[in-house]
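Written out as structure tokens, the structure reads:
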């Protein structure tokens, strides 16, 4: 019988805890794999902008620090391998940089592989009726001349092949988040691409892992009741040969792995639970069994799978003008009324000065503004303090830049009790529209390469 | 005031301009009550001020959960929305704050 495969996640998004990987291997040196996820829906567009200024910045450079932080572990004989989508727009540059870091640490025996082929921008730019927006049904022609990135969510095929060829670190561009976990499982257990139920199980494990600490009580409803919430453990899935898994976390870490924390993460960012679409398999969550299996251990079994769609999902982004947000604190009697009038006054002054915005927004935080005021516990007039947040968006940068200079002056022309302006002028931010669409699998050429 | 929080836990997240909110019964009886009373129409009405489209409810009995999908509730979402919560992080808490009295024949069987 093959032993379970121990796979942990050390990064749930680009900007997650930088020392999570080093802590994980220190806490649990017998991990077979670390997966690190860096790519949210619009992350690649941010990389496109940084790459325009610096050609070497088309990937998540934070990952190089992770490699450095693991050098000692590998030098001491640590065996844990890594699968990550840190390659972003430029997995080859990322892979080369990883090799350079390994060479510096005397670890040239560790093999680095790169998976690419996800970049379908030229195909999408060429256009066609097939690339209509999955959310809105709109034709691509509306944004074709403003496209910045277009990447297909590849599956686990390239990762699997690279690992079977002996890669220690696999760097990919865009792949479906759970595929970072499915690849190691396929390589280890030798599953075929048609072992749908097992692939479904591994996809569920990958889905649970992909957001890091969120599977171990992070972001949970009952967060305040967690032990050790300052140090929530990152999740570990022990995947069995039948595709079921036990989700757990390293001993001694904070947070909790319980049936409720696991259930919450199972349905995180899910549409139809009977049809979870991934490039590896279409999964039904409706057959899952979730049961306790010891302290901070939960068993997830019963996943069922069907063949994946004949298309890949593509995440494309396009330039959509500029925006800025300005924030100030307003304290005192009638704080909300004062903040609202001050915010609306800024927008009126700018409009009278000839600035045109396609959208503006004034929010008074503390009033339930995060949800548009649909939940309100205290009448606005009772609040002694609020944070005024003013936002604008425009097709050109000039009116947005002008806006960023109009926040601090509220200190002298606004109501008494305005404070919290020390962090300087707000930044002008580029806006990227998100354009999800489909592409036939046959149009995409997945490649992997050992460096 | 008794709210959904007393009988349920939840988690919300984004997909483009849409969001989902998964709501879980704290006990099997709570789930049975939620299944009967917390309809897509009620969730849609609660979030109408945020501009949600037609809400779809998926029942997940094996997890004692209801999964609500709220199309367009994030006003563009991601990088496009100007709102403080462009990613729907707060929507689970907002739904749990719904007073049970809003739901018809409210008498949650937590016994």
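Chains as they are written, first to last, in my numbering: chain A, 124 to 574; chain B, -11 to 99.
We put the beta carbon where it would ideally sit given N, CA and C, even for glycine.
Less than 8 Å between CB atoms is the rule here; does residue i satisfy it with respect to chain B?
i: residue 516(A); result: yes
i: residue 522(A); result: no
i: residue 453(A); result: no
i: residue 221(A); result: no
i: residue 342(A); result: yes
i: residue 512(A); result: yes
i: residue 396(A); result: yes
i: residue 276(A); result: no
i: residue 391(A); result: yes
i: residue 505(A); result: no
i: residue 345(A); result: yes
i: residue 136(A); result: no
Could you give the DSSP three-state label for residue i: helix, strand or coil?
i: residue 217(A); result: helix
i: residue 45(B); result: strand
i: residue 399(A); result: strand
i: residue 50(B); result: helix
i: residue 75(B); result: coil
i: residue 543(A); result: coil
i: residue 513(A); result: strand
i: residue 19(B); result: helix
i: residue 5(B); result: coil
i: residue 205(A); result: strand
i: residue 90(B); result: helix
i: residue 137(A); result: coil
i: residue 75(A); result: This structure gives no information on residue 75(A), because the portion of chain A shown stretches from 124 to 574.
i: residue 296(A); result: coil
i: residue 61(B); result: coil
i: residue 283(A); result: helix
Report yes if the C-beta distance between residue i and residue j is below 8 Å; otherwise report no.
i: residue 462(A); j: residue 453(A); result: yes
i: residue 329(A); j: residue 378(A); result: no
i: residue 480(A); j: residue 531(A); result: no
i: residue 373(A); j: residue 359(A); result: yes
i: residue 207(A); j: residue 156(A); result: no
i: residue 407(A); j: residue 431(A); result: no
i: residue 70(B); j: residue 22(B); result: no
i: residue 154(A); j: residue 50(B); result: no
i: residue 420(A); j: residue 384(A); result: no
i: residue 25(B); j: residue 92(B); result: yes
i: residue 366(A); j: residue 404(A); result: no
Measure from the C-beta of residue i to each C-beta in chain A and report whether the shortest distance is under 8 Å.
i: residue 99(B); result: Reliability fails at residue 99(B), whose pLDDT of 43 lies under 50, so the model's placement of it is uncertain and no value is given.
i: residue -10(B); result: no
i: residue 106(B); result: With chain B running from -11 to 99 in the structure shown, residue 106(B) is simply not present.
i: residue -5(B); result: no
i: residue 31(B); result: no
i: residue 12(B); result: yes
i: residue 46(B); result: yes
i: residue 89(B); result: no
i: residue 66(B); result: yes
i: residue 58(B); result: no
i: residue 79(B); result: yes
i: residue 16(B); result: no
i: residue 28(B); result: no
i: residue 62(B); result: no
i: residue 82(B); result: yes
i: residue 41(B); result: no
Can you tell me where the alpha helix (DSSP H) holding residue i begins and where it ends?
i: residue 449(A); result: Where residue 449(A) is concerned, there is no enclosing alpha helix (DSSP H), although the beta strand (DSSP E) it sits in stretches over 434 to 454.
i: residue 166(A); result: 166 to 176
i: residue 387(A); result: 382 to 389
i: residue 371(A); result: Unbroken run through residue 371(A) is the beta strand (DSSP E), 368 to 371; no alpha helix (DSSP H).
i: residue 467(A); result: 458 to 475
I'd like the span of the beta strand (DSSP E) that includes residue i, first residue to last.
i: residue 191(A); result: Here residue 191(A) belongs to no beta strand (DSSP E); instead the alpha helix (DSSP H) covers 185 to 198.
i: residue 522(A); result: Per DSSP, residue 522(A) belongs to no beta strand (DSSP E); it is in the alpha helix (DSSP H), 520 to 527.
i: residue 560(A); result: 552 to 563
i: residue 415(A); result: 412 to 415
i: residue 156(A); result: 156 to 159
i: residue 130(A); result: 128 to 134
i: residue 424(A); result: 421 to 424
i: residue 485(A); result: 482 to 488
i: residue 34(B); result: No beta strand (DSSP E) holds residue 34(B); the alpha helix (DSSP H) holding it covers 28 to 35.
i: residue 302(A); result: Note, residue 302(A): premise wrong, no beta strand (DSSP E); alpha helix (DSSP H) at 302 to 312.
If contact means a Cβ-Cβ distance below 9 Å, which residues of the region 474 to 498 of chain A contact chain B? 482, 483, 484, 486, 488, 491, 492, 493, 494, 495, 496, 497, 498
What are the residues in the region 409 to 430 of chain A lying within 9 Å of chain B by C-beta distance? 409, 410, 411, 412, 413, 425
Please name the residues in the region 362 to 389 of chain A whose beta-carbon is closer than 7 Å to at least one beta-carbon of chain B, in chain order. 383, 386, 387, 389
For the region 549 to 566 of chain A, which residues have a CB atom closer than 7 Å to at least one CB atom of chain B, in sequence order? 554, 555, 556, 557, 559
Name the residues in the region 435 to 453 of chain A whose C-beta lies less than 9 Å from a C-beta of chain B; which are they? 440, 443, 446, 448
For the region 151 to 166 of chain A, list every residue whose C-beta sits within 7 Å of some C-beta in chain B, in sequence order. 164, 165
If you measure beta-carbon to beta-carbon, which residues of the region 180 to 198 of chain A are closer than 8 Å to chain B? none
Quick one: which residues of the region 257 to 281 of chain A get their C-beta closer than 7 Å to a C-beta of chain B? List them in chain order. 258
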